[in-house]
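Inspection log for the structure reproduced underneath, given as structure tokens.
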Amino acid sequence: MHWATPEERRALGQARRKQIGRQKHAELDIKARPLPAVKLLQRAGQGRVPPLLKLKSELMAQSPFTYFRGAAPVMAADLSVLPNTGIRTQICGDAHVRNLGAFAAPDGRLVFDINDFDETIVAPFEWDLKRMAASLILAGRESGHKGAAARNAVQQCVGRYIELMKAFSRMPFLEVARFQVHRIGSVQPIHDALLKAEHATPLHNLEQLTDPARGASEGARRFKEIKPTLTRVTGRAADMVLAGLKQYRQMLEPQRQHLLSRYRTVDVAFKVVGTGSVGLRDYCVYLEGNGSADPLFLQIKEEAASAYAPYLPDSNPPHHNGQRVVEGQKAMQVQSDPFLGWTQIQGRDFLVRQLNDHKGSIDLANLAGTGLEAFAHVCGELLARGHARGGDALMIAGYIGAGDSFAEALADFGVVYADQTEKDWQDLRKALGMARSAAGRPPSHPE
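Read in order, the letters of the sequence shown correspond to residues 1 to 447 in the numbering used here.
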């Protein structure tokens with residue numbers, strides 16, 4: 001087996017640039033879209049819980065940005081017909097501004113990173129950048145930025161990505177693997193997300209999600225009934241979830257198995273979360289450790305195939321989609337949830353993780369003023385680190401080369417795709433029988 005030298009790897013990237021010029025990344029060919037966007041969404045909804053599909057559509061119809069959040073299958077189809085670099089890395093697959101957030105590292109520190117990997121897969125690196133570019137334009141528009149300001153935010157994001165990727169291309173692999181992005185707490189939207197995360201404790205979840213249990217011992221609690229977003233699961237259905245939890249325990253590292261064994265199961269619920277995941281089966285298990293003031297909430301979340309999988313037949317992801325998400329997440333993140341794992345329930349693949357343990361996402365309103373550009377800078381850093389960890393920084397840097405043409409092309413793409421997203425959003429609203437919003441952009445739905 002030939003081990004490519006650094007010079008050869010850089011040359012491979014440069015060769016791809018000669019085949020697919022950087023300016024090609026500004027292009028969008030909607031005529032090549034295999035189906036109308038509404039039909040693509042309907043196809044992606046097959047196998048989901050039917051009563052929740054209407055709820056998902058209503059959430060997506062609230063604004064162009066909430067539509068974008070739920071329309072990863074549409075963008076996957078659109079990207080698949082465009083020229084691509086062929087330089088593959090582990091991608092997030094759903095890289096947008098609300099999929100970066102704060103969470104607790106295994107040592108208890110709060111960190112800020114990409115935190116949603118439902119669509120992760122090995123794919124062309126620029127697909128993440130294109131999705132992030134469109135999201136920055138849409139988020140900028142919803143937070144009051146005019147065209148030039150939002151476009152400049154994309155250039156800041158991609159510019160920082162390029163700068164850091166070139167630095168990674170010169171670093172020892174071990175340094176890349178443990179590289180920390182610093183000083184992000186001074187960025188106001190991230191500062192606010194970290195403050196939110198400080199209060200998102202298991203005890204906070206206990207108050208928000210449970211009530212004192214009637215007729216039980218003092219201090220005993222059970223999940224609330226908040227239909228349709230939270231519904232208790234009992235009987236045979238709960239038994240199946242707990243059987244899946246038992247299977248999950250067996251795949252954990254021994255020290256995690258021991259820690260989890262100290263918690264007893266109290267209750268099970270079905271929970272509706274997010275936008276893109278609505279309709280998938282999503283359970284929450286409430287466990288109790290050292291007394292009633294020591295709750296642990298585990299989310300057991302169904303994972304379908306990545307939206308990009310149909311267009312990457314040679315990507316060869318793990319057969320288990322929960323495992324795909326775990327491996328992709330660990331490839332891109334420096335710190336991950338210590339309880340991250342996977343299981344199966346009734347033949348369906350599930351991801352297991354902590355529910356909202358010190359998690360906090362950004363608020364689009366906080367991207368007003370200088371917030372968008374500062375946050376875009378961090379988006380570029382985190383994507384660059386994730387891609388360098390999961391792929392070859394030298395090949396990517398070799399492709400990008402010098403100058404601003406790559407960043408300019410992605411900024412152009414972001415604007416064009418955001419415009420198309422607004423058209424697709426209006427088409428969805430028409431399909432749902434909704435009138436066109438007077439403002440054009442209603443406020444986005446909070447999680």
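Beta carbons: idealized from backbone N, C-alpha and C, even for Gly.
Everything numeric in this text was worked out from a predicted model, so none of it was measured.
Checklist entry - Where Trp-127 and Ile-91 are concerned, what is the direct C-alpha to C-alpha distance, given to the nearest angstrom? => result As a first step, residue 127 is located in the sequence shown; it is residue number 127 there, counting from the start. As a first step, residue 91 is located in the sequence shown; it is residue number 91 there, counting from the start. If you take the alpha carbons of Trp-127 and Ile-91, they lie about 8 Å apart.
Checklist entry - Is the distance from the Cβ of Gln-155 to the Cβ of Asn-366 below 8 Å? => result Along the sequence shown, one-based indexing puts residue 155 at 155. Along the sequence shown, one-based indexing puts residue 366 at 366. Not closer than 8 Å, so no.
Checklist entry - How close, in whole Å, do the beta carbons of Gly-279 and Leu-53 come, if the pair is a contact with beta carbons under 8 Å? => result Position 279 of the sequence shown, counted from the first residue, corresponds to residue 279. Position 53 of the sequence shown, counted from the first residue, corresponds to residue 53. With 8 Å as the limit, Gly-279 and Leu-53 qualify as a contact, their Cβ atoms being about 5 Å apart.
Next on the checklist: Between Ala-307 and Gly-93, how many whole angstroms is the CB-CB distance? I'm expecting something under 8 Å.
Outcome noted: As a working note, residue 307 is residue 307 in the sequence shown. As a working note, residue 93 is residue 93 in the sequence shown. Indeed they touch by this definition, with Cβ atoms about 7 Å apart.
Item to check | Counterpart residues of Asp-267 in DSSP-defined beta bridges | outcome: For the purposes of this step, residue 267 is taken as the residue at position 267 of the sequence shown. Per DSSP, Tyr-286.
Checklist entry - Based on Cα-Cα distance, which residue from Gly-276, Gly-47, Gly-403, Ala-134 lies nearest to Glu-60? => result Start at 1 with the first residue of the sequence shown, and residue 60 comes out as number 60. The question names Glu, yet the displayed sequence has Met at residue 60. It is Gly-276.
Checklist entry - If you follow the beta strand (DSSP E) that Ile-121 is part of, which residue opens it and which one closes it? => result Within the sequence shown, residue 121 is the residue found at index 121, counting from 1. Segment 121-124, the beta strand (DSSP E) holding Ile-121.
Checklist entry - Which runs of the alpha helix (DSSP H) spanning at least 4 residues fall entirely within the segment 137-212, listed in chain order? => result 147-170, 173-177, 188-199, 202-209
Checklist entry - Taking the runs of the alpha helix (DSSP H) that are 4 residues or longer, which of them lie wholly in the segment 12-89? => result 37-44, 50-60, 64-70, 72-80
Next on the checklist: Does Asn-205 pass the burial test, meaning 16 or more other C-beta atoms within 10 Å, or should it be called exposed?
Outcome noted: As a first step, residue 205 is located in the sequence shown; it is residue number 205 there, counting from the start. It is buried - the Cβ of Asn-205 has at least 16 other Cβ atoms within 10 Å.
Item to check | Residue burial classification, Leu-115 (beta-carbon count within 10 angstroms, cutoff 16) | outcome: Counting from 1 along the sequence shown, the entry for residue 115 is found at position 115. Correcting the residue identity first, residue 115 is Asn in this sequence and not Leu. Flag for Asn-115 reads buried.
Next on the checklist: Check this for me: beta carbons of Gly-140 and Leu-372, under 8 Å apart or not?
Outcome noted: Locating residue 140 in the sequence shown gives position 140, where the first residue counts as 1. Locating residue 372 in the sequence shown gives position 372, where the first residue counts as 1. Yes, they are a contact pair.
Next on the checklist: Taking the alpha-carbon of Val-352 as reference, which of Gly-322, Pro-50, Arg-221 has the nearest alpha-carbon?
Outcome noted: What you label residue 352 is simply residue 352 of the sequence shown in a count that begins at 1. Here the closest residue by C-alpha is Gly-322.
Checklist entry - Would a C-beta distance cut-off of 8 Å place Gly-466 and Met-395 closer than the cut-off? => result Outside the displayed range of the chain (1 to 447) lies residue 466, so it cannot be described from this structure.
Checklist entry - Looking at C-beta atoms only, is the number of pairs between the segment 298-314 and the segment 67-79 that lie closer than 8 Å three or more? => result yes
Next on the checklist: Please return the same chain residues whose Cβ sits closer than 6 Å to the Cβ of Leu-138, not counting the five positions on each side in sequence.
Outcome noted: Residue numbering aside, residue 138 sits at position 138 when the sequence shown is read from its first letter. Excluding residues within five positions, the ones whose Cβ falls inside 6 Å are Pro-64, Phe-65, Phe-68, Ala-418.
Next on the checklist: From the DSSP secondary-structure annotation, give me the bridge partner or partners of Arg-221.
Outcome noted: As a first step, residue 221 is located in the sequence shown; it is residue number 221 there, counting from the start. DSSP output for Arg-221 lists Pro-212 as bridge partner(s).
Item to check | Start-to-end residues for the beta strand (DSSP E) that takes in Trp-342 | outcome: For the purposes of this step, residue 342 is taken as residue 342 along the sequence shown, with counting starting at 1. Per DSSP, Trp-342 belongs to the beta strand (DSSP E) from 341-345.
Checklist entry - Should Gly-398 go down as buried or exposed, given a rule of 16 or more other Cβ atoms within 10 Å for buried? => result To locate residue 398, count along the sequence shown from 1; it is residue 398. Buried.
Next on the checklist: Quick check on the burial criterion: 16 or more other C-beta atoms within 10 angstroms. Buried or exposed for Ile-345?
Outcome noted: As a working mapping, residue 345 is identified with position 345 in the sequence shown. Ile-345 comes out buried.
Next on the checklist: Using the three-state DSSP reduction, which class does Ile-396 fall into: helix, strand or coil?
Outcome noted: As a working note, residue 396 is residue 396 in the sequence shown. Reduced to three states, the DSSP call for Ile-396 is helix.
Checklist entry - Which residue's Cα is closest to the Cα of Ala-44: Ala-15, Ala-105, Arg-17, Ala-77? => result Taking the sequence shown and counting its residues from 1, one reaches residue 44 at position 44. Checked all of Ala-15, Ala-105, Arg-17, Ala-77; the closest Cα to Ala-44 is Ala-77.
Next on the checklist: For a quick check, are the C-beta atoms of Leu-383 and Phe-297 less than 8 Å apart?
Outcome noted: Here residue 383 is taken as the residue at index 383 of the sequence shown, counted from 1. Here residue 297 is taken as the residue at index 297 of the sequence shown, counted from 1. Going by C-beta atoms, Leu-383 is not nearer than 8 Å to Phe-297.
Next on the checklist: Going by C-alpha to C-alpha distance, which of Leu-195, Ile-121, Asp-412 sits closest to Pro-313?
Outcome noted: For the purposes of this step, residue 313 is taken as the residue at position 313 of the sequence shown. Selected option, being the one with the closest Cα: Ile-121.
Item to check | Host beta strand (DSSP E) of Thr-421 (start-end) | outcome: One-based indexing of the sequence shown puts residue 421 at position 421. It is not in any beta strand (DSSP E) - Thr-421 instead sits in the alpha helix (DSSP H) that spans 405-431.
Next on the checklist: For Glu-253, which residues in the same chain have their Cβ closer than 6 Å to its Cβ, ignoring the five residues on either side in sequence?
Outcome noted: Numbered from 1 along the sequence shown, position 253 holds the residue referred to as residue 253. There are no such residues.
Checklist entry - Going by the CB atoms, is the gap between Ala-95 and Ala-193 shorter than 8 Å? => result For the purposes of this step, residue 193 is taken as residue 193 along the sequence shown, with counting starting at 1. For the purposes of this step, residue 95 is taken as residue 95 along the sequence shown, with counting starting at 1. For Ala-193 and Ala-95, no; Cβs fall outside 8 Å.
Checklist entry - Alpha carbon to alpha carbon, what distance is there between Gly-244 and Ala-15? => result In the sequence shown, counting from the first residue as 1, residue 15 sits at position 15. In the sequence shown, counting from the first residue as 1, residue 244 sits at position 244. Approximately 48 Å, taken between the alpha carbons.
Next on the checklist: I'd like to know whether the C-beta atoms of Val-273 and Tyr-283 end up nearer to each other than 8 Å.
Outcome noted: Reading the sequence shown from its first residue, position 273 is the one you call residue 273. Reading the sequence shown from its first residue, position 283 is the one you call residue 283. Result no, Cβ atoms of Val-273 and Tyr-283 do not sit closer than 8 Å.
Next on the checklist: Quick test of your reading: Arg-109 and Val-334, contact by CB under 8 Å. State the CB separation rounded to the nearest angstrom.
Outcome noted: The residue you call residue 109 lines up with position 109 of the sequence shown. The residue you call residue 334 lines up with position 334 of the sequence shown. At roughly 11 Å, the Cβ-Cβ gap does not stay under 8 Å, so Arg-109 and Val-334 are not in contact.
Checklist entry - Is Val-334 helix, strand or coil by DSSP? => result On the sequence shown, position 334 is the one that residue 334 refers to. Three-state result, Val-334: coil.
Item to check | Cβ neighbour criterion (16 or more within 10 Å) applied to Ile-30 | outcome: Within the sequence shown, residue 30 is the residue found at index 30, counting from 1. The residue is exposed, with fewer than 16 neighbouring Cβ atoms inside 10 Å.
Next on the checklist: Using only the alpha-carbon positions, how far apart do Ser-186 and His-199 sit?
Outcome noted: For the purposes of this step, residue 186 is identified with residue 186 of the sequence shown, where counting begins at 1. For the purposes of this step, residue 199 is identified with residue 199 of the sequence shown, where counting begins at 1. Their backbone Cα atoms lie some 19 Å apart in a straight line.
Checklist entry - How would you call Lys-246, buried or exposed, if buried means at least 16 neighbouring beta carbons within 10 angstroms? => result Numbered from its first residue, the sequence shown carries residue 246 at position 246. That one is exposed.
Item to check | Where Glu-303 falls: helix, strand or coil (DSSP) | outcome: The residue given as residue 303 occupies position 303 in the sequence shown. Here Glu-303 sits in coil by DSSP.
Item to check | Three-state secondary structure assigned by DSSP to Val-378 | outcome: For the purposes of this step, residue 378 is taken as the residue at position 378 of the sequence shown. In the structure shown, Val-378 sits in a helix (DSSP, three-state: H, G or I).
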